[in-house]
Every structure is written in C-alpha cells, then in structure tokens.
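**Q** Numbering (numbering that gives the first Met the number 0), first residue to last: 0 to 564.
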Amino acid sequence: MKKKLIRNNIILLLSAFVLFFVVVFIALYQFEKNNQTQFMSYIIDEVEIAYQNHTGDATDFISSYSNDNGRRITILDPDALVLADTHDSVIGTDKSERPEIVDLGSVYVRHSATIDLDMLYIAKLMDDGNYLRVAVPLADQAVAYNRVVWILIMSGAGLLILYYVGLKEVNKNLLTPWQQVKKGMISLNQGKFEVFSLNSPYPEINDILHEMNGINLETAKHVRTIQAYQMQLNSILNEIKQGVILLDHQENIIYVNEDAKVIFDLNDDALNRPAYYALRNPQIKEAISTANLDRKSSTFDLKHKGRIYESRIFFVSSDQNMESETTVLALFKDVSQERSIEQMKRDFFAHASHELKSPLTAIRGYAELIEHGLVNNQEIPESALQIVKQTETMTALVEDMLMLSRLESLKEKLFTKQDLKAILMSVIEQMKPIYKQKKIEIHVESEPVQMMCDLLDIQKLFKNLIENSIKYSEENKKIDIKLYLDKDSFVFDIKDQGIGIDLEHQQRVFERFYRVDKGRLEGGTGLGLAIVKHIVMKYQGDIHLESGLSKGTHIIIRINLNQNN
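1) Below 8 Å, can you find three or more Cβ-Cβ pairs linking the region 460-468 to the region 259-273?
2) Looking at the unbroken beta strand (DSSP E) that takes in asparagine 559, where does it start and where does it end?
3) Does DSSP put arginine 405 in a helix, a strand or coil?
4) Would the beta-carbon of phenylalanine 491 fall within 7 Å of that of isoleucine 556?
5) May I ask you to report which of helix, strand or coil DSSP gives glutamine 417?
6) Can you tell me whether DSSP reads histidine 573 as helix, strand or coil?
7) So, for lysine 532: in the same chain, excluding its five sequence neighbours on each side, which residues have a beta-carbon less than 8 Å away from its beta-carbon?
8) Does the ligand MN have a heavy atom nearer than 6 Å to the CB of leucine 464?
9) Across which residues does DSSP place lysine 494 in a beta bridge pair?
10) Note the first and the last residue of the continuous alpha helix (DSSP H) segment covering alanine 290.
11) As a quick exercise: from Thr92, Lys123 and Asp93, pick the residue whose alpha carbon is nearest that of tyrosine 107.
12) Could you tell me the distance, in whole angstroms, from the CA atom of leucine 75 to the CA atom of tyrosine 64?
13) Per the contact definition of three or more C-beta pairs closer than 8 Å, is the region 329-336 in contact with the region 239-248?
14) With DSSP as the reference, label arginine 519 as helix, strand or coil.
15) Please list, in chain order, all residues of the same chain as serine 310 whose beta carbon is under 6 Å from its beta carbon, the five residues on each side excluded.
16) Whose C-beta lies closer than 8 Å to the C-beta of glycine 518 among residues of the same chain, with five residues either side of it excluded?
17) With contact counted as at least three CB pairs below 8 Å, one residue from each stretch, are the region 357-364 and the region 381-391 in contact?
18) Are glycine 91 and valine 81 closer than 7 Å when you measure CB to CB?
19) Around the Cβ of asparagine 215, are there at least 16 other Cβ atoms within 10 angstroms (buried) or fewer (exposed)?
20) From glutamate 217 to glutamine 342, what distance separates their C-alpha atoms?
21) Under 7 Å Cβ to Cβ from leucine 484, same chain only, skipping five residues before and after it: list those, please.
22) Please state the DSSP three-state secondary structure of threonine 92.
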C-alpha cells in the first residue's frame with residue numbers, strides 16, 4: 000500500500016507538471032508567434048520605406064542595402080517572378096506558390112533550400128505593383144524560447160524531487176496506523192477481535208480506527224449470534240425426522256444430519272466427500288446432478304434396505320436472481336408405512352367397487368321384474384324388501400368409503416409418474432365410437448411426455464376437451480390434437496372446426512354450469528370446462544382460448560413439469 004500510495008502521488012504530480020508544462024508551452028508558443036508577426040511586420044515596413052526612398056532599380060537597392068544581420072530581401076514582379084534577391088542565383092524564378100506570397104502579411108517558417116537555413120518569411124504588395132519579401136534566420140528567435148523551456152524542465156524536476164522526499168515522511172506517518180488496521184483485520188479473519196489504540200497523529204485516522212473498533216465489537220456479537228443460530232439449526236434438523244444432506248456446487252457433502260447418517264450409514268468422514276462415493280446410489284446421483292447443473296427438482300421413492308424413502312432433491316440459491324453458485328438440498332423421509340396404507344386403500348377401493356356391482360345388479364333386477372309385471376302382487380313386498388336390503392348394504396359401503404375419504408382429505412395428494420402420451424391415446428380410443436358415429440377425423444401428433452401427476456386428473460383433462468370438440472363439431476369435420484414438450488412445460492393443443500364460441504362468451508365458458516346456448520340439446524352437466532380449468536389451476540398451468548362463430552375453437556393448455564405439486 001505504501002509503494003502504491005507513493006506511486007499514485009508521483010503520478011499525480013507528474014500529471015500536474017506535464018499539464019503545467021503543456022499550458023506554458025502553448026502560451027509561449029502563442030506569444031512567440033505574435034512576437035514573430037510583429038517583428039517581421041516591422042522589418043518589412045522598414046525595408047519598404049528604404050526601397051521607396053531609393054532612386055535606383057531593385058538590383059541596386061538590394062546591393063546597397065546593409066545586410067549585416069543575415070536578412071534575405073527579394074523583389075518580385077506582379078507575376079511573382081524574382082527581379083532581385085540577396086542571392087543572385089534565384090533571379091527569374093517563379094515564387095507564386097510560396098505560402099508567404101499566397102497569404103500576404105502572414106509569417107511562415109520553412110526551410111530555405113537556397114541558403115540551407117530555417118527562415119521566417121513575410122511578403123507584401125508594394126504601391127508599384129511589385130512584391131517585397133523579407134526573410135530572417137529562425138535561430139535567433141528560438142534561443143530565448145529554448146532557454147525558457149529548459150528553465151521550466153529543471154524547475155519541475157527539482158519540485159518533483161522535493162515532493163518525493165517530503166511524501167515519504169508523510170506516508171510513513173500515514174501508513175503506520177493502516178498497518179495496525181491490517182494486522183487487526185487479519186486477526187478478525189482468524190476469529191480474534193482486537194481493539195485498536197487511537198495513537199495516530201491524524202484525527203481523521205483515529206476516527207476511522209474508532210469506527211473499526213465498533214465494527215469489531217459488532218462483528219464479534221454477530222458471530223456469537225450466528226454460532227447460536229447454527230446450534231439451534233442443527234438441533235432442529237436433527238428433530239425433523241427426515242434425512243437432510245446439503246451439498247455444494249461441486250456435489251460434495253457439506254452437511255448431514257443424524258437421521259441421514261442412520262439411513263445411509265454415514266459418519267463425519269463423509270463431509271467434503273463427493274456424494275456418489277458416500278451414498279453410492281445412481282438414482283440419487285442423477286437427481287443431484289440434475290438439481291446442480293439444470294436447477295431442476297426431483298421427487299421419487301427410494302427403496303433402500305427394505306424401507307421406502309420419499310426423496311426430494313432440489314437446488315438452493317443464495318440470491319433471488321439465482322445467479323450465485325448452486326447448493327443442493329436432499330431430503331429423505333421414511334414413508335414405508337404410508338405407502339403400505341396407500342396400497343391397502345387401493346385394494347379396498349378395488350374390492351368396494353366389485354362389491355357395489357352386486358347390490359346394484361340386484362336392485363336393477365328386482366326393479367325390472369316389478370316394472371314388467373313379472374311378479375304377482377303377493378311377491379311384490381318380498382321384492383321390495385330385497386331392494387331395501389341391497390340399498391342398505393350399498394349405503395353402508397358408500398358411508399365407509401366417504402369416511403375414509405374424509406380421514407385422508409387432510410393429507411397431500413400422492414402423485415405418480417405418468418406417460419401423458421399413453422393416457423391421451425387411451426382416452427381417444429375410448430371415445431372412438433362417438434366420433435366415428437359423426438364421421439369426424441381426429442389427427443394426433445404426440446411426443447413422449449413424462450410427468451408427476453394424478454392419473455385421473457390428466458384423463459379428465461383430455462377427455463373433457465376432446466368430448467367438447469366432438470360434441471360441438473358437425474359431421475365430416477376434423478379435430479387436430481398435439482401433445483409436445485416446450486422447454487420445461489408440456490403443451491396440449493386441440494383445434495376443431497366446430498361452431499365456435501362468440502367473443503362475448505369466451506371469458507365465461509370456464510365457469511361452472513355456464514352454457515353458451517342454453518337452448519341446445521347436447522348432453523352434459525355444464526361442468527366440463529370448469530373441471531378443465533380447476534385441473535390446470537391445480538398444476539399451476541395456464542389456458543389460452545382462440546375462437547369465433549363458425550370458425551372453430553382452438554385451446555392450448557400449458558403446464559410446467561417442474562411445479563411443486
């Protein structure tokens with residue numbers, strides 16, 4: 000710092016000196032130029048008067064004119080041809096292109112090839128129509144000018160030396176307290192908080208040292224607070240009953256809580272080691288790399304040592320713009336019991352559905368017998384009694400199912416990885432009899448799309464939109480369906496050639512029970528598009544509708560594949 004401070008001051012002084020020298024040089028140059036003009040104007044006027052008073056011709060005048068000071072005098076005719084010159088060798092030559100002839104009255108400095116000297120030239124037009132030109136050696140005028148320049152250079156060099164000597168002493172007194180500050184900052188970086196003594200001869204530096212003491216005290220206080228928070232955080236992370244592993248941007252483990260140590264048989268030696276070598280699981284490694292490199296979250300069930308762990312691996316950034324280095328957080332929750340209960344529920348609903356068919360079939364059978372008069376009056380009470388019994392059985396079963404549904408309603412919906420293309424093709428196949436009956440052609444372009452979702456949600460989404468297009472399309476029309484990926488989203492695009500929707504209705508078609516034409520006879524509950532809307536909202540997607548009367552309807556659904564479900 001000391002050398003840098005001295006260097007900066009020297010650069011500043013040199014800059015000031017150069018600036019001063021340039022300004023003085025320009026001023027001297029301008030002064031000298033004006034002086035030369037006045038000097039040459041005086042000389043040529045003097046020579047002109049002497050020429051006008053001379054009775055002989057131009058050659059006689061130049062021969063008789065005293066020229067002890069090295070002046071060169073030239074007389075030229077109106078065409079700028081030399082009539083007479085101090086040097087006879089140029090008589091008769093053309094000087095019309097010389098700058099002093101072109102620009103009369105101005106002083107020009109140039110080299111004279113005739114006498115091999117740098118000269119000052121000036122010319123004027125005399126009353127008799129001839130030109131008078133006078134030149135004097137430049138050396139005489141430059142001596143004084145050079146002397147001043149050298150004086151400036153020597154003075155500046157002397158000032159620079161004096162300034163450097165004085166600056167070293169000033170810097171010594173100035174830098175000593177800063178060296179103390181540097182030492183204190185090194186101690187602060189090592190976790191030692193020192194108090195600086197205020198013994199600088201400069202009050203301003205003492206003020207800074209005083210502020211540094213305050214910063215040290217506050218820093219020590221904050222460090223102690225952070226350490227306390229760290230201990231609390233460790234306690235919390237060890238009490239949440241989930242395995243927690245934190246990794247840096249190089250996928251090295253930087254934190255692991257006690258539950259994670261138990262799940263993966265880890266100890267403190269795992270810290271600062273690559274996750275793959277510590278955890279040794281390809282699925283986890285792939286999810287960590289996806290979070291670190293692509294900043295995409297992953298959720299999956301990990302089967303490990305006979306247990307099932309819900310694994311959530313995602314990236315964490317230290318700023319809102321997510322431009323800093325990525326940190327990866329991995330959470331592992333033991334869901335073995337939940338998954339077992341879910342399987343039991345699925346089995347229960349499968350059996351319940353089967354059980355519901357029996358009473359429904361019996362009820363329908365008895366009702367049809369009564370309707371068609373196939374039982375006599377004496378047998379009707381017995382048939383009615385059987386209907387009541389079957390109804391009671393079905394009611395009890397439904398009540399049990401509703402109770403189970405209410406018990407599970409507070410739990411988060413379970414999503415599974417689904418093949419959207421397969422779901423779409425299955426829905427279209429189910430609706431084949433309907434659109435074939437109307438001779439409607441359905442053209443499908445679909446890419447393979449995988450998504451964590453509820454199967455029934457996606458089935459309902461596709462079914463309602465396709466059903467609407469078929470319902471409101473006339474015979475021999477065409478429906479275009481596209482399913483594709485666009486960056487981190489999947490897009491479902493359906494376009495028909497149906498009756499279309501007028502602009503005034505387009506904002507309300509997704510409302511419950513809203514019908515564009517309440518007089519139409521088509522079936523349905525009026526909830527189809529409302530259900531579509533709520534499914535899209537559930538998955539944090541968006542809907543785009545384009546339509547017009549007799550122009551068909553075009554609906555585009557876009558859902559982010561990485562939303563937090």
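Note that CB positions come from ideal geometry on N, CA and C, so glycine has one too.
**A** With the given structure in hand:
1) no
2) 552-559
3) Confidence is the limiting factor: at arginine 405 the pLDDT is only 41, short of 50, which leaves the residue's position unreliable, though a coordinate-based value still follows. Per DSSP, reduced to three states, the secondary structure at arginine 405 is helical.
4) Yes, Cβ-Cβ distance for phenylalanine 491 and isoleucine 556 is below 7 Å.
5) strand
6) Residue 573 is absent from the structure shown; the chain starts at 0 and stops at 564.
7) Phe509 and Ile542
8) As far as ligands go, the structure on display features none, and thus does not contain the ligand MN.
9) Asp479 and His553
10) No alpha helix (DSSP H) holds alanine 290; DSSP gives it neither H nor E.
11) Lys123
12) 17 Å
13) yes
14) Confidence in arginine 519 is poor, its pLDDT being 48 and thus under 50, which makes the residue's placement unreliable; the coordinate value appears in the next sentence. Arginine 519 falls in the coil class under three-state DSSP.
15) Counting only Cβ-Cβ distances below 6 Å, and skipping sequence neighbours, we find Phe299, Leu301 and Phe331.
16) For glycine 518, the pLDDT reaches just 47, beneath the cut-off of 50, and the residue's location in the model is therefore unreliable, leaving the point undetermined.
17) yes
18) yes
19) buried
20) 57 Å
21) Glu446 and Val448
22) coil
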